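Novice: This is the structure I have questions about; it appears just below.
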Amino acid sequence: MADATALSPAARTDGAFGQETRVIDFIALLKPRVASLVAFTGFVGLWLADSPLHPFLAATAVLAIALGAGGAGAVNMWYEVDIDARMERTRNRPIPAGRMSRSTALGYGVVTCAAAVFILALATNYVAAFLLAVAELFYIFVYTIWLKRRTPQNIVVGGVAGALPPLIGWAAATGGVDLFPALLFALIFMWTPPHFWALSLYKAGDYARAGVPMLPVVAGPDETRRQIVLYAAALIPFALAPWALGFAGAIYGVGAALLGSAFFAFAFALRRRASVSLAKATFAYSILYLFLMFALLVFDHAWNR
Amino acid sequence: MPLTEQHRKMRGRNLALAGVLLGLVALFFLITLARLGGGGS
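Protein chains in written order, with the numbering used here: chain A, 89 to 393; chain B, 157 to 197.
Pasting the structure below:
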């Protein structure tokens, strides 16, 4: 058996593999942490729709959304093996570490993507399945293949894929889309750039080595911190919109204002003081922010029902 | 790689695949039951 550490980056990018593939590698390929946040926002979209969908079908829909995100993540890892092999953060992923061949990852990812769409269509409706397919294809073709290596706006436009789950969940429950889930789409879309730019601030060396034109690499850390502040500020009205338009109650409104202010405070502090630990804290808070915002929506909805 | 080792790996993969297929059969069956019960959207 070959030692993965003995594989050169070139050999890794060719999909050379020497170690045995473990079950956990198939799980890692689905990017479970990303998929779980995607599934949660999808669940919230479904929950807020107040549809009499059978609980088993609702659970299946959430599972399908998670699978769809995971499958797209696997295809992403198949395509980005050269990038992953050059980055500290990702070099131990199954393919660059030499534990899985590229063809296995591609087959697994494509089948998972297709299965997710099929299961969602079977359990709920074609509108939801179509939106899930759009999210998967957008993530793979528009973000991964087209934009990621070409422009620092990659994660701005690519954010569409990650923002679709609440719409998919709503469509799964109702068979259509509406203004409320569209506002949740806008919320995630506006949240995505400052979230990823906070990460890329302290991983800029990684991205530069891999040739990914993230904002800190192309425009520098100062401009990145300025953009994070602007997006964190612009995020606040988007976050308040569901309350302002009467889709959510005061609990959500107050919570959204507090959480958004805290996000802005992190961004503003980061703008004034260039610090790796502050960038890490801003990134960590951004994840907590999105989770809490959607948890608030669930709580507020249950409270006002 | 000795043949027995290869067989062991293939067997593991085949069993995993069988498990996934059986899981899908069960899932489709339960989806049908739930939809027939009038719980579809």
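Beta carbons: idealized from backbone N, C-alpha and C, even for Gly.
As the structure is a computational prediction, the values presented were derived from the model and not from experiment.
#1: Since I believe A:Val132 is in contact with A:Phe382 (beta carbons under 8 Å), could you give me their beta-carbon distance rounded to a whole number of angstroms?
#2: With DSSP run on the structure shown, which of helix, strand or coil describes A:His283?
#3: Within the 7 Å Cβ cut-off, does B:Ala190 reach chain A?
#4: Going by C-alpha distance, which of A:Phe356, A:Asp170, A:Leu125, A:Pro281 is nearest A:Pro240?
#5: Write down every uninterrupted run of the alpha helix (DSSP H) in the segment 125-211 of chain A whose length is 4 residues or greater and which is fully enclosed by it, in chain order.
#6: At the level of alpha carbons, what is the spacing between A:Leu267 and A:Phe273?
#7: If A:Ile276 sits next to A:Leu220, beta carbons under 8 Å apart, how far is it from one beta carbon to the other, in whole angstroms?
#8: Taking C-beta pairs closer than 7 Å, name the residues in chain B that A:Phe144 reaches, listed in chain order.
#9: Using 8 Å for Cβ pairs, my map puts A:Leu145 next to B:Ile187. What's the rounded Cβ distance?
#10: Within the chosen definition, does the segment 209-227 of chain A reach the segment 167-174 of chain A through at least 3 CB pairs nearer than 8 Å?
#11: Output the boundary residues of the alpha helix (DSSP H) element that contains A:Val234.
#12: What residue range does the alpha helix (DSSP H) around A:Glu311 cover?
#13: Do the segment 294-313 of chain A and the segment 330-342 of chain A make contact, defined as three or more Cβ pairs closer than 8 Å?
#14: Please compile the residues from chain A whose C-beta is within a distance smaller than 9 Å of the C-beta of B:Gly179.
#15: Any beta carbon from chain B within less than 7 Å of A:Leu210's own beta carbon?
#16: In whole angstroms, what separates the C-alpha of A:Tyr290 from that of A:Val364?
#17: Check the Cβ of A:Thr200 against every Cβ in chain B and list those closer than 7 Å, keeping chain order.
#18: Hey, out of A:Ser288, A:Ala345, A:His389, whose CA is closest to A:Ala372's CA?
#19: Please list the residues of the segment 114-142 of chain A that have a C-beta atom closer than 7 Å to any C-beta atom in chain B, keeping them in chain order.
#20: Taking the alpha-carbon of A:Asn213 as reference, which of A:Thr148, A:Thr192, A:Leu194, A:Gly247 has the nearest alpha-carbon?
#21: Using a Cβ cut-off of 9 Å, pull out every chain B residue sitting near A:Thr148, in sequence order please.
#22: If you draw a straight line from the C-alpha of A:Asp388 to the C-alpha of A:Ala344, how long is it?
#23: Enumerate in chain order the residues of its own chain whose CB-to-CB distance from A:Phe356 is below 7 Å, with the five nearest sequence positions on each side excluded.
#24: What residue does the alpha helix (DSSP H) around A:Asp388 start on, and which one ends it?
#25: List the residues of chain C that B:Gly193 touches, going by C-beta distances under 7 Å, in chain order.
#26: Does the Cβ of A:Pro140 have 16 or more other Cβ atoms within 10 Å, making it buried, or fewer, making it exposed?
#27: Pairs of beta-carbons, one from the segment 221-237 of chain A and one from the segment 177-196 of chain A, closer than 8 Å: are there three or more?
#28: Alpha helix (DSSP H) containing A:Phe352: first to last residue?
#29: What residue range is occupied by the uninterrupted alpha helix (DSSP H) comprising A:Gly114?
#30: How long is the line joining the alpha carbons of A:Pro330 and A:Leu271, rounded to whole angstroms?
#31: Quick check: the Cα distance between B:Gly168 and A:Gly341, rounded to an integer number of angstroms?
#32: Going straight from the alpha carbon of A:Leu155 to that of A:Gly197, what length do you get?
Specialist: A quick look at the data gives this:
#1: Confirmed, Cβ separation roughly 4 Å.
#2: In the three-state scheme derived from DSSP, where H, G and I count as helix and E and B as strand, A:His283 is classed as helix.
#3: At least one chain A Cβ lies under 7 Å of B:Ala190.
#4: The shortest Cα separation from A:Pro240 among A:Phe356, A:Asp170, A:Leu125, A:Pro281 belongs to A:Pro281.
#5: Listed in chain order, the complete alpha helix (DSSP H) runs (minimum 4 residues) inside the segment 125-211 of chain A are 143-167, 169-174, 190-211.
#6: Using only the alpha carbons, I get a separation of about 10 Å.
#7: Not really, about 15 Å apart at Cβ, beyond 8 Å.
#8: In chain order: Leu186, Ala190.
#9: 7 Å between Cβ atoms; contact.
#10: In the pairwise beta carbon analysis, the segment 209-227 of chain A is classified as not touching the segment 167-174 of chain A: fewer than three pairs are separated by under 8 Å.
#11: The residue asked about is misnamed: residue 234 of chain A is Trp in this sequence, not Val. No alpha helix (DSSP H) contains A:Trp234, which DSSP labels as neither H nor E.
#12: The continuous alpha helix (DSSP H) containing A:Glu311 extends over residues 309-332.
#13: Because the criterion of three Cβ pairs below 8 Å is not met, the segment 294-313 of chain A and the segment 330-342 of chain A do not touch.
#14: At a C-beta separation below 9 Å, B:Gly179 has no neighbours in chain A, since its nearest C-beta there lies roughly 11 Å away.
#15: So, interface residue.
#16: Take the alpha-carbon of A:Tyr290 and the one of A:Val364: they are about 6 Å apart.
#17: Neighbours of A:Thr200 on chain B: none; closest Cβ ~10 Å, over 7 Å.
#18: Of A:Ser288, A:Ala345, A:His389, the residue nearest in Cα terms is A:Ser288.
#19: Of all residues in the segment 114-142 of chain A, the ones placed with a Cβ closer than 7 Å to any Cβ belonging to chain B are Ser139, Leu141, His142, in chain order.
#20: The candidate whose alpha carbon is nearest that of A:Asn213 is A:Thr148.
#21: At a C-beta separation below 9 Å, A:Thr148 has these neighbours in chain B: Leu183, Leu186, Ile187, Ala190.
#22: Each residue's alpha carbon lies about 11 Å from the other.
#23: Correct list, in chain order: Val317.
#24: Note, A:Asp388: alpha helix (DSSP H), 364-392.
#25: The question asks about chain C, but that chain is absent: this structure's protein chains are A and B.
#26: A:Pro140 comes out exposed.
#27: By the Cβ rule, the segment 221-237 of chain A does not count as touching the segment 177-196 of chain A, because fewer than three pairs are nearer than 8 Å.
#28: Membership of A:Phe352 in the alpha helix (DSSP H) is indicated by the continuous run 338-360.
#29: Gly is not the amino acid found at residue 114 of chain A; the sequence shown has Phe there. Taken as a continuous stretch (DSSP letters only), the alpha helix (DSSP H) holding A:Phe114 covers 111-116.
#30: The alpha-carbon atoms of A:Pro330 and A:Leu271 are separated by roughly 7 Å.
#31: Taking C-alpha positions only, B:Gly168 is separated from A:Gly341 by approximately 52 Å.
#32: Per the coordinates, the alpha-carbon of A:Leu155 lies some 10 Å from the alpha-carbon of A:Gly197.
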